[in-house]
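Colleague:
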Amino acid sequence: MKTIDGFRLRKLGDEYILVGESMALINFNKMITFNDTAAFLWEQAQDRTSAHGGFTAGDLCKALCDEYDVAPEKALSDVDATLDAWLKAGIIEA
Amino acid sequence: MSMTPHLAIASHILLPEIERLLSEGKDVRFTPSGVSMRPFIEGDKDSVILSPFSSEPRRGDIVLARIPQTKDENTYVLHRLIRVEHDTTNGNIYVLQGDGNLIGEERCKREWIVARVTAIERPNGRKKCLTRGYIWYALKPIRKYLLKIYRHLL
Chain A
1 MKTIDGFRLR KLGDEYILVG ESMALINFNK MITFNDTAAF LWEQAQDRTS AHGGFTAGDL
61 CKALCDEYDV APEKALSDVD ATLDAWLKAG IIEA
Chain B
95 MSMTPHLAIA SHILLPEIER LLSEGKDVRF TPSGVSMRPF IEGDKDSVIL SPFSSEPRRG
155 DIVLARIPQT KDENTYVLHR LIRVEHDTTN GNIYVLQGDG NLIGEERCKR EWIVARVTAI
215 ERPNGRKKCL TRGYIWYALK PIRKYLLKIY RHLL
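Line order of the protein sequences matches chains A and B.
So that you can map any letter, position 55 of the first sequence is 55 in this note's numbering, and since no number is skipped, the others follow by simple counting.
Basically this note's numbering = 1-based index in the second sequence + 94.
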């Protein structure tokens with residue numbers, strides 16, 4: 001999977017938001033709020049997309065387990081649910 | 095995680111961030127709230143594109159202004175510049191008023207005025223006409239009735 005270009009993660013107060021952003025225009029109409037975990041996963045996904053051209057659910061699962069104290073089965077179901085929502089939101093592609 | 099097609103971040107957090115981005119020379123699209131710019135901007139529906147000033151603010155511009163309330167508290171308004179009062183000793187005063195307001199003006203210093211609206215868009219993305227509001231201003235004496243009619247048409 002790949003993250004779609006043109007989005008940038010920003011921290012506003014206690015919240016993370018993903019904002020649609022081109023060179024000249026920052027679009028606060030096109031925005032998604034993230035919790036800490038989702039923000040962490042997004043950064044992992046975006047880093048892997050730019051470094052390796054894509055990422056897998058397994059990559060994110062491993063990163064999540066390394067970073068947080070979470071059981072692998074729980075991590076996998078969280079990652080699956082998150083990726084499902086991201087696909088629907090159109091911010092990643094399969 | 096949730097999709098938020100409209101403003102979901104509290105404006106006291108979002109607007110300082112918007113101001114920061116504008117100061118970097120970026121344009122910003124967002125959806126303002128409230129009825130104070132009726133009939134030209136329908137709050138929570140229409141969105142606006144804000145651009146940093148490349149020339150001095152002029153009468154008729156719709157502007158974003160940061161108005162200091164206390165030492166570390168500001169409010170932001172998106173209103174129309176209706177008059178510039180020239181004052182050579184203390185600096186010009188920029189007087190703002192919402193097109194949808196019957197009374198109330200904001201008297202601003204130049205440095206409080208952050209950006210100018212360069213486009214207004216409907217929810218479907220189509221552009222609305224960006225006028226300077228001169229005719230609307232001339233109709234001020236009957237604004238109360240025009241706004242009443244407008245609300246009925248919504």
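From the three backbone atoms N, C-alpha and C, an ideal C-beta is built for every residue, glycine too.
Just so you know, these numbers come straight off a predicted model, no measurement behind them.
Between Leu60 (chain A) and chain B, is the shortest Cβ-Cβ distance under 8 Å, so that the two count as touching?
Modeller: Judged by the 8 Å Cβ criterion, Leu60 (chain A) is not in contact with chain B.
Colleague: Please confirm whether Leu83 (chain A) and Glu43 (chain A) have their CB atoms less than 8 Å apart.
Modeller: No, these two residues do not count as a Cβ contact at 8 Å.
Colleague: Cβ of Lys203 (chain B) less than 8 Å from any chain A Cβ?
Modeller: No - not a single Cβ of chain A is within 8 Å of the one on Lys203 (chain B).
Colleague: Based on Cα-Cα distance, which residue from B:Asn184, B:Gly137, B:Leu175 lies nearest to Tyr231 (chain B)?
Modeller: Closest by alpha carbon: B:Leu175.
Colleague: What are the residues of the segment 47-74 of chain A that lie near chain B, defined by any Cβ-Cβ distance shorter than 7 Å?
Modeller: The residues in question: there are none.
Colleague: Whole-angstrom Cβ separation of Asp140 (chain B) and Lys222 (chain B), contact assumed at under 8 Å?
Modeller: That pair is a contact at about 7 Å.
Colleague: Label Gly31 (chain A) either buried or exposed according to how many other C-beta atoms from any shown protein chain fall within 10 Å of its C-beta, with 16 as the threshold for buried.
Modeller: Looking at the sequence shown, residue 31 (chain A) is not Gly but Met. So Met31 (chain A) counts as buried.
Colleague: With 16 as the cutoff for other CB atoms within 10 Å, does Arg48 (chain A) come out buried or exposed?
Modeller: Classification of Arg48 (chain A): buried, given that the 10 Å Cβ count is 16 or more.
Colleague: Taking buried to mean at least 16 other C-beta atoms within 10 Å of its own C-beta, is Pro162 (chain B) buried or exposed?
Modeller: Label assigned to Pro162 (chain B): exposed.
Colleague: So, is the C-beta of Ile92 (chain A) closer than 8 Å to a C-beta in chain E?
Modeller: In summary, chain E is missing from the structure at hand, where the protein chains are A and B.
Colleague: What residues from chain A crowd round Ser125 (chain B), counting only those whose CB sits closer than 8 Å?
Modeller: For clarity, residue 125 (chain B) is Thr in the given sequence; the question names Ser instead. Going along chain A in sequence order, the residues near Thr125 (chain B) (Cβ under 8 Å) are Phe28, Asn29.
Colleague: Near Val129 (chain B), which residues of its chain fall below 6 Å by C-beta distance, leaving aside the five closest residues on each side in sequence?
Modeller: Around Val129 (chain B): Gly137, Gly194.
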